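The structure appears below as structure tokens.
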Amino acid sequence: TAKRQGKKAGLLEGERPNIFTTSIANIGPQEEITIDIEYQQTLRYDQGAFRLRFPMVVGPRYTPGNVRVAKFGAGGWSVGTEGVPEPEKIRAPVLPPAFGKINPVKLSIELEPGFALSELKSSYHPVAVREDGSGGYEISLKDGEVPADRDFELVWKPETGAQPQAGLFTETTKDGRYILVMILPPTAKPTDGKTKGLPREVIFVIDVSGSMAGTSIKQAKAALALAIDRLTADDRFNIVGFNDTAFTLFPNPRPADRMTRETAKRFVHWLAAEGGTRMAPAVRLALRGRPPAGHIRQMVFLTDGAIGNERELFGIIDDRLGDARLFTIGIGSAPNSYFMRKAAEVGRGTFTHIGDVNEVGVRMAALFEKLERPVLTDLAVAWPDGMKAEMWPERLPDLYAGEPVIFTARVPGAAPESPGAIVVTGRIGLARWQGTLSLRGGKATPGVSKLWARDKISGLMNALHENGDANDVRRQVVALGLGHHLVTKYTSLIAVDVTPSRPQGEPLKRRKVPHNLPEGWEYDKVFGGVPDNATGLDRKAGLMNAPAAITPAAIIIGSARGLALPKGATTAPLHLVLGAALLVLGLIALVLVRRRLA
82 TAKRQGKKAG LLEGERPNIF TTSIANIGPQ EEITIDIEYQ QTLRYDQGAF RLRFPMVVGP
142 RYTPGNVRVA KFGAGGWSVG TEGVPEPEKI RAPVLPPAFG KINPVKLSIE LEPGFALSEL
202 KSSYHPVAVR EDGSGGYEIS LKDGEVPADR DFELVWKPET GAQPQAGLFT ETTKDGRYIL
262 VMILPPTAKP TDGKTKGLPR EVIFVIDVSG SMAGTSIKQA KAALALAIDR LTADDRFNIV
322 GFNDTAFTLF PNPRPADRMT RETAKRFVHW LAAEGGTRMA PAVRLALRGR PPAGHIRQMV
382 FLTDGAIGNE RELFGIIDDR LGDARLFTIG IGSAPNSYFM RKAAEVGRGT FTHIGDVNEV
442 GVRMAALFEK LERPVLTDLA VAWPDGMKAE MWPERLPDLY AGEPVIFTAR VPGAAPESPG
502 AIVVTGRIGL ARWQGTLSLR GGKATPGVSK LWARDKISGL MNALHENGDA NDVRRQVVAL
562 GLGHHLVTKY TSLIAVDVTP SRPQGEPLKR RKVPHNLPEG WEYDKVFGGV PDNATGLDRK
622 AGLMNAPAAI TPAAIIIGSA RGLALPKGAT TAPLHLVLGA ALLVLGLIAL VLVRRRLA
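Listed below in structure tokens is the structure:
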């Protein structure tokens with residue numbers, strides 16, 4: 082309605098838990114629009130380090146399946162597939178690299194870790210760091226601004242003796258007390274536990290589709306070669322590769338002797354990246370059959386996750402995994418982290434990211450350490466007598482060496498200072514482990530309620546993979562989204578300027594803003610050929626006609642004269658403020674704000 086009335090309006094929608102789209106209506110000629118988006122997340126703590134990962138580009142997603150025409154748009158065209166009913170919602174045009182880089186980004190970070198640091202670095206971008214004199218740090222990009230073509234990652238480690246063993250962050254609202262808990266269990270030695278020495282059947286699955294071409298396939302092949310060298314004579318293994326089709330090294334898993342390992346490394350050496358990302362057949366192939374008696378099966382998945390049919394894959398993993406465990410290794414500058422983390426969660430494994438070929442040795446060594454140490458299982462939380470807490474996730478996942486226990490809970494009607502303590506129990510190999518945390522004190526932290534709501538929404542959406550009641554899930558997710566002002570699959574945020582700005586009768590022209598191809602990707606392996614040189618006119622044409630996704634179906638993009646973009650498409654500064662709450666990255670709501678510049 083606002084769009085038709087000529088009013089400026091902004092709509093923020095969630096297409097995936099890690100893909101959000103912003104639509105702006107009625108931008109005038111040469112007008113500049115600023116979009117402010119605030120969000121909140123928990124930080125990852127693993128192997129003694131905190132990591133903040135800030136996605137700066139969404140890689141093109143492959144959308145498999147037969148074309149299914151469900152509805153037609155106003156222009157008369159409809160594009161959809163059986164695997165991904167509305168793939169156009171996760172597409173954005175990609176500018177060919179020959180036309181240069183667009184979408185420059187500036188980062189300004191205020192970090193208050195709450196403890197002394199032994200290391201503070203950015204994994205992939207040079208940064209300037211300044212101490213503020215009060216235990217905090219101000220961080221910015223050394224180059225001032227960079228193109229949005231790869232994810233930004235900030236890593237910081239506490240000094241020896243300053244590592245947190247537990248964290249308690251709370252927020253009290255009219256609905257009760259919300260709690261965020263982190264407890265770090267002790268790390269067991271590799272010699273502890275009954276699983277040490279059990280032979281394994283390891284199925285390596287490697288993505289050799291076109292999106293993996295370039296640096297990604299080099300990283301994946303180097304990681305796989307290291308993993309093959311780590312196999313013992315008691316282990317069995319096989320390799321499954323996939324692009325448009327799935328194929329195996331051996332018809333069935335073979336013992337990991339010297340000859341089979343050498344054969345496997347030659348096989349890996351000759352792998353080349355091209356074609357589509359038909360992942361489902363490869364997962365089915367990897368999970369067929371059962372391991373021999375006395376063997377534990379592990380599936381190690383190396384991919385950038387550039388797919389649009391995540392939900393289908395989660396269902397296959399859940400149905401076929403059995404007693405096996407799935408470990409995902411995210412490859413490249415902009416992997417689909419949502420798919421990688423969720424697949425590992427469904428597969429009772431863990432997620433590792435390799436964003437640079439120089440990281441392969443360190444990251445794979447950390448993964449091997451997890452695989453060779455006992456898993457913390459049978460985790461449970463006991464609350465004080467009489468306290469009714471709604472905890473998410475409802476069932477705590479198994480944890481590997483260096484990973485903390487993290488959960489959120491809502492205690493209806495609880496006072497800001499709840500009495501008593503919670504007790505977390507589990508088993509590390511044959512040994513029983515117990516951790517106790519007082520509910521008194523903790524740090525009052527705005528936004529914990531939203532983290533709890535996000536965790537509950539994630540749990541509810543999981544029910545859809547398990548054939549849950551879709552209508553009931555939708556009802557609950559909508560209530561949580563509205564109650565906590567969150568963008569979900571079923572709720573969006575909108576901002577409208579009450580004053581019309583487009584003259585009556587003036588037509589609108591619709592355009593999608595293109596983005597860069599992720600760093601290290603090869604354009605011709607994803608979309609086909611591209612001119613070697615580009616003039617100014619070519620670049621403008623490229624902006625207007627950039628392809629949108631890897632898909633079997635054709636996509637029609639208008640070519641009429643379009644919106645004149647301001648430098649960098651928007652002048653919105655990005656401010657990330659990290660509070661002293663060890664796990665909370667500040668944000669209260671997702672808000673769209675528009676400013677009209679004179």
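Per our numbering: the sequence shown = residues 82 to 679. Quick reminder that beta carbons are idealized off the backbone N, C-alpha and C, glycines included. Quick caveat, the model's predicted, so the values are computed rather than measured.
Going by beta carbons, E219 and E193 fall outside the 8 Å limit. Setting aside the 5 residues that flank it on each side, K346 is surrounded in the same chain by A306 and I309, each with a C-beta closer than 7 Å to its C-beta; the list follows chain order. The straight-line gap separating the alpha-carbon atoms of T251 and G522 is approximately 9 Å.
F196 and A243 have their C-alpha atoms spaced approximately 7 Å apart.
Straight-line spacing of the CA atoms in R125 and P527 works out to 19 Å.
Between the alpha carbons of R406 and G428 lies a gap of roughly 5 Å. For the set K238, V186 and P178, the Cα lying nearest the Cα of Q128 is the one of K238.
According to DSSP, residue pairing for T329 in a beta bridge involves V321.
As the crow flies, the alpha-carbon of G516 is around 14 Å from that of L477.
Your pair D385 and P416 checks out as a contact, with CB atoms roughly 5 Å apart and the cut at 8 Å. Taken atom to atom, the span from the alpha-carbon of A576 to that of I105 is near 9 Å. DSSP, reduced to helix, strand and coil, places A83 outside both helices and strands of the structure shown, so it counts as coil. Beta-bridge partners of K202 (DSSP): V236. The continuous alpha helix (DSSP H) containing P362 extends over residues M360 to A367. Counting along the chain, the unbroken beta strand (DSSP E) around S221 starts and ends at Y218 to L222. Contact between T102 and G91 is ruled out by a C-beta separation of about 11 Å, above the 8 Å threshold. Boundaries for I114: no alpha helix (DSSP H) harbours it, and the DSSP string shows neither H nor E there. Excluding the 5 residues flanking it on each side, R444 has same chain C-beta neighbours closer than 6 Å at T433 and I435, in chain order. Excluding residues up to 5 positions away in sequence, Q121 and H565 lie with their Cβ nearer than 6 Å to the Cβ of K531 in the same chain. When beta bridges are read from the DSSP output, W514 appears opposite G507. One thing to note: N597 has its Cβ no nearer than 8 Å to the Cβ of N99.
Contact holds between the stretch 312–327 and the stretch 279–290, because three or more Cβ pairs, one in each stretch, are under 8 Å apart. Straight through space, the alpha carbons of N543 and V175 are spaced by roughly 31 Å.
Closest option to P599, judged by alpha-carbon separation, among P145, P168, A173 and Q86: A173. Look at T102 here: in three-state DSSP terms it is strand.
The beta carbon of D315 sits closer than 6 Å to the beta carbons of P280 from its chain, once the five residues preceding and following it are set aside; these are given in chain order. Excluding the 5 residues flanking it on each side, V554 has same chain C-beta neighbours closer than 8 Å at L541, M542, A544 and L545, in chain order. Taking every protein chain shown into account, the CB of G507 has 16 or more other CB atoms within 10 angstroms, so this residue is buried.
Where E440 is concerned, there is no enclosing alpha helix (DSSP H), because DSSP gives it neither an H nor an E. Shown here for A83: same chain residues with a beta carbon closer than 6 Å to its own, the five before and five after excluded, namely A90 and V577 in chain order. In chain order, F382, M421, A424, A425 and F432 place their CB closer than 6 Å to the CB of T409, counting only its own chain and leaving out the 5 sequence neighbours on each side. The alpha-carbon of A337 is positioned some 56 Å away from that of T253. If you look at W473, you'll find it in the beta strand (DSSP E) that goes E471 to W473. In the structure shown, the three-state DSSP call for P527 is coil.
Boundaries of the beta strand (DSSP E) around L192: L188 to L192.
In the structure shown, F196 adopts coil according to DSSP, grouped into three states.
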